[in-house]
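Read through the structure below, which is laid out as structure tokens, and then see the notes.
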DNA sequence: ATACTAAATGAAAACGTTTGCATAACTATT
DNA sequence: AATAGTTATGCAAACGTTTTCATTTAGTAT
């Protein structure tokens, strides 16, 4: 078996009887080379098994053909729709994605960004707006095309595509109060270094306060972004305190865990307790009961974010940030109902 | 704001009063440069805002610092644990991951592999063993360090880390028959170009046949890997035919959807019907009812796969494939019980 | 036929590193 | 004190492309 790790553009050129320059052109400016020579080059390429070297291309200071993505975790459903949509769209335009996870740690994020820049990514996509000063500074200094996905923010320093999490929180709180609930618990993850969760929570609390509803401390639950932790937290709540008639959860995963908790304690959702999520993950519609939640349109966000990033990469680097607001919408489903009197 | 996109190793060298070679060495062989000079270089680096150029490094034919991962989809929970574990482990060793999705299309996979090789990834990780001849051939010709994750296969052409899916299928079938079930339905996705699903299904069917149980065609359900499709399929089954006492699903996502279907039709799982999954996804333990399934240890697989790949990258390229078999194990939980007579 | 333009290709410099070899400055050995 | 060995650094070639500029060839207008 012949092992050819090192056939280069010169070998191809020789085989095709042209100069390396022409081979290069046939890749990058095919219109500038005669159809017939192009054919000969193609043939030489497949005969030699040549695979072009993007590193050597990138070194020219031109295109590396990669974009970087920094995401808190790949471990759960939260970002998967978003990433998939973003990835597919970038791929369509010939980009390959360098993916890294920061585990919700902003210092780590900075290191990862540096590492991505070492690889000369042409652009970077981040989640949310909580990033360290160092990160923002580096992006600015190197003038990196960048887009923040997931939540919209007026006056954001960088381009962004997403829904308003505060609005999402307020909307779901509105839904719950309109169903007559007043004994309401909320369940959110740690909101430090996580503006998505923070904004949602603020939206919920502020709306409820406005309606004269105050959440007592023991109904203010802190949980991880996992079904199991959410379930445990909810069980503790249901077992130890008189229970609320509704729980507003920070996202669908948490809501799911809490529904399981209720069911495992013999409660019927929504007859005994209403539970809501935020985010509308793909399985939320088909679960039982289906989850009342707020649609954040991850596919749309991912796709549009890709477009924004492409535009920044190809276009004017000094332009003001592009901000696209994706509408949010309450999807009332089976996990909530009018309160019984 | 000063925009410095182009400070290079020479600028750093000048600033630090050394030669470029020394700067380079301080990155790659720090032991070969005097502590005091190293300090001066570090200072020059932070003063200039230098970020090294991996493309220029990769062009030396040496390390690119990247590995490629080709995965069918990022869109659901199936691979997320695995990917996360793999990713974290590679990162620890200084690698950044280039991730691409092939949407379960093997031709696409070949194109993606080429694209990864253009970026001169040092190694590649794939899912399963169903790959096109072209793919296998290219890997062989270019002598690419490669590992297949997710399922073990004796005599595989390439290194692999995973459980035996056939065994997993047989084990769960054994569990169900030992609970006394004979009226059993199975629910699997399209097994073409998907050896994981195929092996599992074969394991199930063969075991049942051995026990004299034949699955009638209308209990042989074909579904997508999604909660919603699984739920719809199960509803069709439950509404239109006399229903089985147990359903063996191809994975936990499908099982989950089918449980929802049963619940939405007023059936109790497991009292009225037992339902099993395969894979033990992170939420399967905490759902209600928790799902009886087969553990495939995705974290262990991801981590070990990373080790195998690293070893191939750093070690002997001509060595025979490394094959690591990760044990599978039935986790009996709430979604199954002894049949009532 | 001649001069002029356009299109296709080639030659060579450039991109930012790494590394083998050479050199210089020390240290240890006799 | 002379020699051999060691260590830290610099010099310059090399890595595989892309691109500018120059050249050749073919085509067009006179």
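Chains as they are written, first to last, in this note's numbering: chain A, 1 to 341; chain B, 1 to 341. Here a beta-carbon is modelled for each residue, glycine too, at the ideal position from N, C-alpha and C. All values reported here derive from a predicted model rather than from experimental measurement.
How about residue i and residue j: do their beta carbons lie closer than 8 angstroms?
i, j, result
"residue 118(B)", "residue 51(A)", "yes"
"residue 290(B)", "residue 224(B)", "no"
"residue 190(B)", "residue 78(B)", "no"
"residue 308(B)", "residue 322(B)", "yes"
"residue 49(B)", "residue 158(A)", "no"
"residue 81(B)", "residue 108(A)", "no"
"residue 262(A)", "residue 275(A)", "yes"
"residue 54(A)", "residue 68(A)", "no"
"residue 176(B)", "residue 248(B)", "yes"
"residue 184(A)", "residue 270(A)", "no"
"residue 99(A)", "residue 99(B)", "yes"
"residue 101(A)", "residue 283(B)", "no"
"residue 199(B)", "residue 151(B)", "yes"
"residue 25(A)", "residue 128(A)", "no"
"residue 47(B)", "residue 15(B)", "yes"
"residue 265(A)", "residue 237(A)", "no"
"residue 286(B)", "residue 161(A)", "no"
Going along the chain, which residues of its own chain have a beta-carbon closer than 8 angstroms to the beta-carbon of residue i, five neighbours each way excluded?
i, result
"residue 342(A)", "Outside the displayed range of chain A (1 to 341) lies residue 342(A), so it cannot be described from this structure."
"residue 288(A)", "334"
"residue 138(B)", "110, 113, 114, 117 and 144"
"residue 6(B)", "none"
"residue 202(B)", "166 and 169"
"residue 132(B)", "106, 107, 109 and 110"
"residue 230(A)", "187, 223, 224, 249, 253, 254, 255, 256, 257, 258 and 261"
"residue 311(A)", "322"
"residue 103(A)", "72 and 73"
"residue 215(B)", "184, 185, 186, 205 and 208"
Please name the residue or residues paired with residue i in a DSSP beta bridge.
i, result
"residue 69(A)", "99(A) and 125(A)"
"residue 331(B)", "293(B)"
"residue 94(B)", "Paired residues: none, contrary to the question."
"residue 221(B)", "187(B)"
"residue 49(A)", "Residue 49(A) is not bridged to any residue."
"residue 246(B)", "184(B) and 274(B)"
"residue 325(B)", "162(B)"
"residue 149(A)", "127(A) and 161(A)"
"residue 203(A)", "According to DSSP, residue 203(A) bridges with nothing at all."
Give a yes or no on whether the minimum CB-CB distance between residue i and chain A is below 8 angstroms.
i, result
"residue 75(B)", "yes"
"residue 1(B)", "Caution applies to residue 1(B), whose pLDDT of 36 falls short of 50 and renders its modelled position unreliable; the model cannot decide the point."
"residue 257(B)", "yes"
"residue 295(B)", "no"
"residue 9(B)", "no"
"residue 285(B)", "yes"
"residue 184(B)", "no"
"residue 66(B)", "yes"
"residue 141(B)", "yes"
"residue 288(B)", "yes"
"residue 264(B)", "yes"
"residue 4(B)", "Low confidence applies here, because residue 4(B) scores a pLDDT of 49, under 50, leaving its location unreliable and the question unanswered by this model."
"residue 156(B)", "no"
Quick one: residues in its chain with C-beta nearer than 6 angstroms to the C-beta of residue i, no 5 flanking neighbours on either side, listed in chain order?
i, result
"residue 2(B)", "Because residue 2(B) sits at a pLDDT of 41, beneath the cut-off of 50, its placement in the model cannot be relied upon, and the following sentence gives the value as read from the coordinates. There are no such residues."
"residue 173(B)", "204, 207 and 208"
"residue 295(B)", "280, 329 and 331"
"residue 298(B)", "81 and 82"
"residue 147(A)", "125, 159, 305, 308 and 309"
Taking 7 angstroms as the limit between beta carbons, can you name the residues of its chain near residue i, skipping five residues before and five after?
i, result
"residue 180(A)", "338 and 339"
"residue 95(B)", "65, 66 and 67"
"residue 58(B)", "64 and 120"
"residue 171(A)", "294, 328 and 330"
Using a Cβ cut-off of 8 angstroms (strictly closer), state whether residue i contacts chain B.
i, result
"residue 260(A)", "yes"
"residue 83(A)", "yes"
"residue 114(A)", "yes"
"residue 335(A)", "no"
"residue 282(A)", "yes"
"residue 80(A)", "yes"
Using a Cβ-Cβ cutoff of 7 angstroms, what residues of the stretch 47 to 63 of chain B are near chain A? List them in chain order. 49, 51, 52, 53, 54, 55, 56, 58 and 59
Residues from the stretch 94 to 105 of chain A in contact with chain B, defined by Cβ distance under 7 angstroms: 96, 97, 98, 99, 100 and 101
Using a Cβ-Cβ cut-off of less than 9 angstroms, list which residues of the stretch 300 to 312 of chain B approach chain A; keep chain order. none
Please list the residues of the stretch 117 to 135 of chain A that have a C-beta atom closer than 8 angstroms to any C-beta atom in chain B, keeping them in chain order. 117, 118, 119 and 120
When you check each C-beta in the stretch 225 to 239 of chain A against every C-beta of chain B, which residues fall closer than 9 angstroms? 226, 227, 228, 229, 230, 231 and 232
In the stretch 18 to 43 of chain B, which residues sit with their C-beta less than 9 angstroms from some C-beta in chain A, listed in chain order? none
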